[in-house]
Amino acid sequence: MYRLHGPAQDLYEGISNLPIVSPHGHCDPAWFASDTPFANPAELLVIPDHYVFRMLYSQGVPLANLGIGAAGKTTKPRDVFRLFAAHWHLFLGTPSRLWINYVLRETLNISTPLSVETADQIYDQIAELLAQDDHRPRALFDRFGIEVLATTDGALDTLEHHQMIADSPWNGRVIPTFRPDSVLDPSDPDFVENVRHLGQLTGTDTGDFDGYLAALRKRRAFFAMMGTTATDHAIEVVHTEWIDHPEELYQKLCKSNATPADAAKFYGHMLIEMAQMSVEDGLTMQIHGGSRRNTNSGVLRDFGRDKGADIPVAVDWVRGLEALLNRVGNTPDFKLILFTLDETTYARELAPMAGHWPALRIGPPWWFHDSPAGIARYFDQVVETAGYHNLAGFNDDTRAFMSIPARHDLWRRGVADHLAQQMNRGYFGAKDAAELAQMLATDLARDAYGLAP
Amino acid sequence: MYRLHGPAQDLYEGISNLPIVSPHGHCDPAWFASDTPFANPAELLVIPDHYVFRMLYSQGVPLANLGIGAAGKTTKPRDVFRLFAAHWHLFLGTPSRLWINYVLRETLNISTPLSVETADQIYDQIAELLAQDDHRPRALFDRFGIEVLATTDGALDTLEHHQMIADSPWNGRVIPTFRPDSVLDPSDPDFVENVRHLGQLTGTDTGDFDGYLAALRKRRAFFAMMGTTATDHAIEVVHTEWIDHPEELYQKLCKSNATPADAAKFYGHMLIEMAQMSVEDGLTMQIHGGSRRNTNSGVLRDFGRDKGADIPVAVDWVRGLEALLNRVGNTPDFKLILFTLDETTYARELAPMAGHWPALRIGPPWWFHDSPAGIARYFDQVVETAGYHNLAGFNDDTRAFMSIPARHDLWRRGVADHLAQQMNRGYFGAKDAAELAQMLATDLARDAYGLAP
Amino acid sequence: MYRLHGPAQDLYEGISNLPIVSPHGHCDPAWFASDTPFANPAELLVIPDHYVFRMLYSQGVPLANLGIGAAGKTTKPRDVFRLFAAHWHLFLGTPSRLWINYVLRETLNISTPLSVETADQIYDQIAELLAQDDHRPRALFDRFGIEVLATTDGALDTLEHHQMIADSPWNGRVIPTFRPDSVLDPSDPDFVENVRHLGQLTGTDTGDFDGYLAALRKRRAFFAMMGTTATDHAIEVVHTEWIDHPEELYQKLCKSNATPADAAKFYGHMLIEMAQMSVEDGLTMQIHGGSRRNTNSGVLRDFGRDKGADIPVAVDWVRGLEALLNRVGNTPDFKLILFTLDETTYARELAPMAGHWPALRIGPPWWFHDSPAGIARYFDQVVETAGYHNLAGFNDDTRAFMSIPARHDLWRRGVADHLAQQMNRGYFGAKDAAELAQMLATDLARDAYGLAP
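Residue numbers (my numbering), protein chains in the order written: chain W, 212 to 664; chain Y, 212 to 664; chain V, 212 to 664.
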C-alpha cells in the first residue's frame, strides 16, 4: 500500500470516496452488455494485463505458459495463476504490485498475502467470488462507484454492445470513444478497405476527399449520438502539417500502397481535420504520442499486439503540433489533451504549451508513469509552469477492469502526497489544497472531457 | 511564501540581505533615465509580465482584455487588474504567485490577500504608492539594494538612456549588454539594412567581411565604454561552425535573401567570431539556447513578440558548440555562460562540459525553470559533476522590475534549501555551506560577469 | 561522508561488509601481476583520476602542472598533490570528494582533513603507507575483500599479466574482459592492421568475412579460457542493423578507408554478430552507449585520450537496438547489459525494454551518474517499470584502484537510502528490503556476469 503521512493522509481521506470518473480506458463494453461472470482468476488478473506478463516474460517465462496467444489456449488457468504467484517477487517496487495488492485486499477482501504457497488457496477464493452475482461486471461497476466509464472503439465499430447497455435496464454509464486511426493512417495495411467500409457504414461515397471528410463527420455524429464525448489518436511520431489541396494525395493513397512519407504527410493533415471537426462538434481530442508499437517482431507474429513490446521514444511536441495549433489552438472551446511517455517533455514542452494555448490540456501520467514516482515527477515538472487548471485530471487507461479502483486510489494518494508537500513548502494552505485535491480527483476530468455528473 | 525549515532558514538569513547583483535582464533603461513614476498597477504588474498573461490566455482570457497589443490600448488598467485578480487561482503552485505575493506583502507592504473581492482596494493602494516619490524607479532601485543592473540592448541601440543615467547625479549602476543578433543572423528580414546601419553608426565600410568584423569590434568597444561587461545571444538551434573563407558567403547574404541553411551556417560562424572577440576584449559571452520563438503566428500578428508563445525545444549543446569550444574553449580568461530550457542537458551535457572546459560556466535556471522545483532540479543535476565553482550564480532575467527582489529572494531560499539538504546528507558542514550560500547569492555572478562590487 | 538516518542506516549495516564484486572496471592487471608498490600519492590519487583533474582543468589549472602527458613528466608528484589540495574546495558537492575522503579516512586511516595547509603532511603519511608491504596491490586487494575484479582488455591484448597472476601463488581473482572495438569498428584508423593482427594471433586467415568471424570466435574462446565472463563495447551512436551478405562490405573496408556511413553500418552488423556469439559461448555482453569521445582536440593532441573531454550525448536505445534484439533478444540465456549517460532513457527506454526483453539488464548508474543524486534518480526512474530483477547490480568502472571500496560503499549507502524510502512509502517491509539490499550489493552483479562466488 502507498502509505501517506500527516496532512497527506487528511487530504486523501477527503477525496478517497469520491466517484470514479474514467474518461479513457480499454475495458470491453461486452462485459457490461452481457454481464456474464468473469471466467476465472487468471483471465481476470493475469492474462489481459500486459503490465504483468511482460515482467514475467522479461525474466524468461514463456508467454504461452501464461495462457497467451494461440499457443497458450491449452494452458490451464490455475497453472497460469500459480506461475504468476511464483514470480510475485519480480513486482517488488512496481505499481502492479500495489494495484494487485489493493485488488486482493480492498476489492476482493482477501487478507492472505500472495505467494507461491498461497496461490491455490487465493485462486479458489477468487473463483468462488467470481461465481457470485455481486461480482458480475455490472455489480462491480456499481460497487466501484463508477460515474462514467469510457471505452475505446474503432471508427468502424458498430457499438452494438453500447447499444445493448443503453437498451438494458441497468443505469451504468459506459460510453464509447472515437478512435479513427484505422481510417486515417494510410500506413495501416487495410487502410483502403477500411475507408471503403467507412463509406458503407455512413452511406457516403468516399471516392473523393470531400466525401471522405463527410463520412468521417457522419461517423463522429453517430458516436456522439451514442454518448461519445472524445476522440483518441495513438501515434509514434507526432507530426501535423496542413495540405492545401489534399485531393491528389488522397486519390494516390486510395489506389496504391502509401510510401511512409506519403502516409505521414496525409495522417499529419488528417489530425488537423480531426481537430477542426472537434471545433465543430465539440468532441474533446486526445493524442497519445511517442509509443513505438510492436518492437518485438517474434512476439507480434506469435502472440499478437499489446504484448509488452510497445516502447516509448523521444517526442518533439513543439514542432510536431505547430501546424495543428496554428489552425485551431487559439479556440478556447476546443480541448486537446496530450499524453506523453517522454517525461522530458513535461517541463520542456507540454507545460509551456499548455500554459499558453487555450486549447491544450496535459493528460495525466501515462502507462509506465502511472505510478507513485511517476505521479510525483509529473506534478514536480508540470505544475509550476502550467498550473493545475491546464491539467486533465486522471484517467486509468486500463483494460484490467478490476484494477480501476486501485488505480484511482493510487492517483488520489499521489495527489494528496503532492499537495501536502506544497503546503509544507508554504505555497498554499489547507483550504486551497482540499479544493485542488477534488479538482484533480474528479472535476478536471469531467471538465476536460465534457462529462457533467 | 517559499517556507524554509531549520538549517535552511539559518542559511537563508545569512544571505537574505546581501546586495542584488543582476547581471542579465530586460528592464527598460528609460525608467531610470527619466525616473518618471510607473503609470498604474496594471502596467506595473500585469501588462509587461508574459508569465502572467500567458496563463490567463491559456484559460481563454483574450489578450486585448489584458491591455495587450493595439487592440488592448483602450482597456482600462483597473479592468485589467480586476481580470487578473479574478483569475488569481490559476497561479496556485506557480512561481508567479510566489513572486507577486512577495511584491505585494514584502515590497509594497500590502497585507490584504489578493482576490476578486479585494482587487479594487489593492489597485488603489498600489496606485497611491506609485504616485509617491519613494516609489519612483531610482528610489526603488536604491531601496532594493541593487548593486548593478544589466539591461539587454540591441547592437544598433544608441544607449542614450544609459548616457542620461551616467550624466545624472544618481549613482545607480545600470549597464547595457551587447545583444547583436540582429546584425549577425541573416534570417532576420532586416539583416542587410541592420548591417548597413551598423556601418553608419561605427563609421566603417561593411562592404566586405573584414569591414563588417571591424564594425562589430568598434560597436563592442562603444558598449564596453558605456559599462557593458557581457554580450548575449538568443538562438533556437545551437550550432557553431568555422568557415575558413567567409567572404563569399557574406557577399551572398548582403545581396539577397539568405536560405535557412546559409543563414544557419553564417550565424554559426559568427558566434565563433564573437567568442574570439570576447577573448580579445574580455566581454563575457552568454548564449540562451533552445527557445523556439513566436510559435503562435496569430498572436504574433495581432500582439507582437514576447507574448507567451516562445516554447523550449530539445538542444544538443555538445555537437552544437564543438566548433566554438575547439577554437577558444581552452582559454581560461574567456567566459561563456550557457542557459538552457532543456533540463535534460543539465546532467547529460552542461555539467560534464563545464566540468572540463575552462571557458564554460552554467547559467542559473532560466525562465520556466526559475522556480522552487526548477532550482531544486538544477542543483540536483549540475552540482555533482560541475561543482559549484563552474556555476554563474543567479540572474533574474526579468522585464518586471518590481519582481527583482522577489526573484532573488526565491533563488536565495532555493540555495538555502539545497545547501541544508547537502548538510543533512553529510556532504559538508555549516561553514562550507555558508560560504557557498554567499557565492551563489552574489559572488559567482560578480565573477562570471566581471562585476567587481 | 554520505550520511544515513534510521532504517537506511540499519539496511546499510546489513550489507556494508559484504565482499566486493567488481565485474567491470579499468584497473591495470600489471599491478597485481608484479605487485610492486604504488609509486607515490599523486600517481595513486590524482594523475590517473580523470574525475579529479578535469575539475581542476575546468578552473584553469594546466594539465601539465598535474603531471599529465609528456609535458607533465617533469612535474614533481608532491607539487601535483599540493596543487590538488589547493583546489580541494572545487569538489564540494561532488562524489569525488566523498570518495577521496573515504579513501583517506577509512582506507588509509588518515584523520587530518585535507587542505592546502595539510597537503605536505598527508602526502608524507600516504607515501609512508605505500612503502609498506601491507599496502602493495595484492595486499590491498585482499584487505578490500574483493571477490572478483574484472579488467578491460583489447581483443589484441596478450593477457600476459593475467597469466602471471594465474601462475602466481596469490589467490586473488582478476579476470579480463573482451573489448573488441578496435577490430570491429572500421572508423578506427588502425582497423585493417588490427584485423590482420587478429588473424596472426589466432592463426586464422581473415581474408574473407567467414575467416574474420572465425578469428573473433577463437579470440573470445582464448579470453574465456583466461577467465573472461563478459565482453564490452563503447559506442557513441547506438546503431545496429543486420546485413544479409556482409562479404562485399568487408572486402571494401579491408582495402580502403571506410566512409563514416560504411563504418557505422558494418559496426552495427558486428554488434549483432557479437551478440550471436554470446548466445553461443555464454559471455555476457555490455554496451556503454552515448559517450562522445575526445571532444577537445587540443587536449587530445597534447595529452591523449581519457582526459575529461568525453561528453555524453542523447541516445535512442529503442530504434538503435531493434535489429539486434529482434535477432537474439528473446533468448533468456543471453545477457545484454546496457549502460547509459543519458538519464532520460532510464524511464523512457531502458526500463520498458528491460521489463520486456528476456536478454536485457540495466547497468548501474555510469560515470557522472555514479553519485548519491545519480543513484537516487536511477532507482526513482527504473524500478517502477523494470523491477529490481532486471538490474545488473553495481560496478565501479574505475581506473582508480584505491577508490573501489569507497565507490561500493557509496553505492551501498545509496541502495540503503532508496530501500528505506520505499519502506517508508509502504511498498514493502524490512525483510524484503534486506533481501533486495543484498541482491543490489552483490547477487545481481554475480548473476548478470556469470560470476559464482
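All C-beta atoms in this analysis are idealised placements derived from N, C-alpha and C, irrespective of residue type, glycine included.
Look at P616(W): its C-beta is not under 7 Å from any C-beta on chain V. In the same chain as A296(Y), and ignoring 5 residues on each side of it, the C-beta atoms closer than 7 Å to its own belong to L325, S326, V327, A330, in chain order. Runs of the beta strand (DSSP E) lying entirely within the segment 345 to 380 of chain Y and spanning at least 3 residues, in chain order: 357 to 361.
The DSSP-derived three-state label of S467(Y) is coil.
Put simply, the backbone Cα of A244(V) is about 36 Å away from that of D553(V). The three-state reading of DSSP puts A611(V) in coil, since its state is none of H, G, I, E or B. Between I376(Y) and T439(Y), the gap from beta carbon to beta carbon reaches 7 Å or more. Excluding residues up to 5 positions away in sequence, Q633 lie with their Cβ nearer than 7 Å to the Cβ of F639(V) in the same chain. Within 9 Å of the CB of Q633(Y), the CB atoms of chain V belong to L303, G304, in sequence order along the chain.
In the DSSP assignment, A432(W) falls within the alpha helix (DSSP H) that extends over 420 to 436.
Secondary structure of S502(V) (DSSP, three-state): strand. Under the three-state reduction of DSSP, D443(Y) is assigned to strand. Take the alpha-carbon of K466(W) and the one of V403(W): they are about 8 Å apart. Of all alpha-carbon atoms in F302(Y), A219(Y), A281(Y), L294(Y), the one lying nearest the alpha-carbon of S582(Y) is that of F302(Y). DSSP lists A441(W) as the beta-bridge partner residues of T495(W). Taking C-beta separations shorter than 7 Å and ignoring five residues to either side along the sequence, the partners of L647(W) in its chain run Y599, L630, following chain order. With 16 or more neighbouring CB atoms inside 10 Å of its own CB, G304(Y) falls in the buried class. Pairing W242(Y) with P348(Y) gives a Cβ-Cβ distance under 7 Å. DSSP places L315(V) in no beta strand (DSSP E); its state is neither H nor E. The segment 365 to 373 of chain V makes contact with the segment 427 to 439 of chain V, as at least three CB pairs between them are under 8 Å. Listed by position along chain V, the residues whose Cβ is nearer than 7 Å to that of M564(Y) are I522.
Taken through DSSP and simplified to helix, strand or coil, R618(Y) comes out as helix. About 11 Å separates the beta carbon of T388(Y) from that of A366(Y), a gap too long to meet the 8 Å contact definition. Note on S233(W): 16 or more other CB atoms within 10 angstroms of its CB, so buried under the neighbour-count rule. For a Cβ distance threshold of 9 Å, nothing in chain V lies close to R623(W): the least Cβ distance comes to about 15 Å.
Using a Cβ-Cβ cut-off of 7 Å, S326(Y) does not count as an interface residue toward chain W, since no Cβ of chain W sits closer than that to its own.
Taken through DSSP and simplified to helix, strand or coil, L662(Y) comes out as coil. By the neighbour-count criterion, in which 16 or more other beta carbons inside 10 Å mark a residue as buried, S269(V) falls on the buried side. Contact between I522(W) and E560(V) holds: CB atoms are separated by about 6 Å, below the 8 Å threshold. In the displayed model, L602(Y) falls within a strand according to three-state DSSP. The closest CA to that of P664(V), considering only V359(V), L460(V), Q336(V), L274(V), is found on V359(V). Around I279(Y), the same chain offers I258, F264, F514, K518 as residues with beta carbons nearer than 8 Å, after the five sequence neighbours per side are excluded. Beta-bridge annotation (DSSP): R384(V) is not paired with any residue. Under the Cβ criterion of 7 Å, T329(V) is not counted among the residues facing chain Y. In the DSSP assignment, V448(Y) falls outside any beta strand (DSSP E) and carries neither an H nor an E. Residues of chain V with a Cβ closer than 7 Å to the Cβ of L552(W) are, in chain order, R559.
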